[in-house]
Amino acid sequence: MIYHYTDLNAAKSITDNSSVWLTDYRFLNDKEEFLEGFNVLCEALVAFNDYSDECTPEFIKHVKSGINLIIESDITLFERNNVFVASFSHTPDLLSQWRSYGMFSLEFNEEFILEGKKGNNLCYLECHYLQNHEDALDCAETLIKENIIPKLLKLWGKMHKALITLELHSLIEVYALAFKHSAFQDEDEVRLVISCADDDVRIKFRIKGCVLIPYIEIEFNPLALNTITIGPIDNQELSVHSLTMFANQASRRVQEEEGIIEYSLNVDYSDIPYRSF
């Protein structure tokens, strides 16, 4: 199971619409982590030599020249795509998550990830918490071998070589989001990430103060949502009562739409005692 911590407005919207929002990472709070992940991946790519037999000498040469171009050039020259992210945790009922993200959590079956990936080019990233530089390079090498090189290899021969370099840059941006500071290790985070162009029709905007925040809405199988959990809030019992009414209504709707009479959206509450955070 994976858990999405959020506020009540978002929890209701996600349940009503069977969709989650992925936000442009540039409008989140972990830009430094992204840059560190980006630099580690670039460094690991320069040293990488564990290519499979499918990789021709020409392909390897182009990857190496591409990464050198990315490192030596102004990063803004390659900002062809935008990267959107949504965060989840493997850990239920975690105080730091309640404090940071909101007093409600949605429990999803892993099926949610599998269903959501189809046709959306979504990447499913298990976050790696950086202990030291050597550890980061080891993780980067694994991501390169198991994800970045195979994805580039599928495109090799199908597009212009210059576009392969742009795709390499885009993949580095995506997988840079797999790295987080070790101080957040207790979050045990999983990320859904998608990369797309500026003019992608899926991009929507919400208003936050004087800024438009770009996001993409991704639908999921409604059967994948198992439980809404209420965090350590005041009047928790009252919240359980009204949320149970809402969950029963949502369950009935999903039963009718999906034809699965056994489906039930559960309501639970945190065991952590309430404090005025």
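So the mapping is simple: our numbering equals the position in the sequence shown, first residue as 1, plus 801. For glycine and all other residues, C-beta sits at the position ideal for the given N, C-alpha and C. Quick caveat: nothing in here was measured; it's all calculated off a predicted structure.
Separation of the CB atoms of T824 and F889 is rounded to 13 Å, and the pair is thereby denied contact status at 8 Å. Listed as beta-bridge partners of F909 by DSSP are I803, L1026. Under a 10 Å Cβ-count criterion, L964 is classified as exposed, with fewer than 16 other Cβ atoms of the shown protein chains found around its own Cβ. Its chain contains T824, D825, F828, N883, F885, I1004, K1005, F1006 as the residues whose beta carbon lies nearer than 8 Å to that of P1015, once the 5 sequence neighbours on both sides are disregarded; these appear in chain order.
Where H863 is concerned, the enclosing alpha helix (DSSP H) starts and stops at 858-873.
Under the criterion of beta carbons closer than 8 Å, N910 and N1027 qualify as touching, at roughly 6 Å. For K1009, the enclosing beta strand (DSSP E) has its first and last residue at 1004-1009. Under the three-state reduction of DSSP output, S820 falls in the strand class. In the structure shown, the three-state DSSP call for H970 is helix.
The three-state reading of DSSP puts M904 in coil, since its state is none of H, G, I, E or B.
Proximity of the region 834-850 to the region 973-992 meets the contact definition, three or more beta-carbon pairs being nearer than 8 Å. In the pairwise beta carbon analysis, the region 940-959 is classified as not touching the region 889-898: fewer than three pairs are separated by under 8 Å.
I861 is not a Cβ neighbour of C843, given a cutoff of 8 Å.
Per DSSP, reduced to three states, the secondary structure at H1042 is helical.
Three or more beta-carbon pairs drawn from the region 982-1001 and the region 920-932 are found closer than 8 Å, and the two stretches are therefore classed as touching.
Its Cα nearest to that of A848, the residue T943 stands out among I1019, T943, A984, R992.
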